[in-house]
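Asks:
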Amino acid sequence: MRIKSTQPNVVDLDMTPMIDIVFQLIAFFMIVTNFEQTQADERVKLPENQLARPPMTPRDQELYVNIGFQRDDQGRLLDPQPYVFSKEGPKTVTGFGSELQMESRVAQAKKIDPKTITVVIRADSDTPAGVVQDLIKLAQDHGFEKFALKAKSQPLDE
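Heads up: the sequence shown begins at 475 in the working numbering, then just goes up one per residue.
(1) May I ask you to check if the CB of T601 is nearer than 7 Å to at least one heavy atom of the ligand NAP?
(2) Check whether the stretch 576-590 and the stretch 613-627 touch, using three or more Cβ-Cβ pairs below 8 Å as the test.
(3) Hey, could you find the ends of the alpha helix (DSSP H) I493 is sitting in?
(4) In three-state terms, what does DSSP make of L552?
(5) Report the rounded CA-to-CA distance for V558 versus D546, giving the unit in angstroms.
(6) Would you mind stating whether L499 and V567 have Cβ atoms separated by less than 8 Å?
Structure, rendered in structure tokens:
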């Protein structure tokens with residue numbers, strides 16, 4: 475009698491369900507990610523205030539503007555001049571007018587009135603108030619009328 479030699483069968487795993495799960499997880503985390511952090515610039519050190527709180531109702535249209543200083547790795551100022559950090563690089567407040575004009579034109583092209591857009595100003599705690607006022611005036615010159623200032627919430631002292 476002949477004995478048949480049996481070779482061990484190699485089991486192939488079907489990876490399709492695993493790939494489906496990975497893509498579902500990616501989609502889930504993309505949806506739940508806090509997109510406000512994408513508007514934040516780590517060079518801006520926000521002031522702290524006990525009265526700081528998030529808005530009661532979400533805003534429809536927002537334009538984030540970050541004002542701060544060039545700092546080294548230890549946080550020391552490299553330049554005493556505050557800059558607006560934009561996609562095109564750091565600019566002075568007066569030099570930022572062209573970007574505000576462009577944002578106004580883009581909004582109008584999308585049939586959005588710039589008056590309905592809230593300009594959220596994230597100013598460094600060391601930024602002089604006059605610089606923030608100059609930025610607000612410049613934004614008003616380009617048709618923006620709503621403004622909000624961003625600050626960190628400070629715990630209440632007991």
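Cβ atoms here follow ideal geometry from the backbone N, Cα and C, with glycine treated the same way.
Replies: Taking the geometry as given:
(1) Ligands in the displayed structure: none, and consequently the ligand NAP is not present.
(2) Contact holds: three or more Cβ-Cβ distances are below 8 Å.
(3) The residue you call residue 493 lines up with position 19 of the sequence shown. Its alpha helix (DSSP H) spans residues T490 to V506.
(4) To locate residue 552, count along the sequence shown from 1; it is residue 78. Per DSSP, reduced to three states, the secondary structure at L552 is coil, with no helix or strand assignment.
(5) By one-based count along the sequence shown, residue 558 stands at place 84. By one-based count along the sequence shown, residue 546 stands at place 72. Note on geometry: alpha-carbon atoms of V558 and D546 lie some 17 Å from one another.
(6) To locate residue 499, count along the sequence shown from 1; it is residue 25. To locate residue 567, count along the sequence shown from 1; it is residue 93. The answer is no: Cβ separation not under 8 Å.
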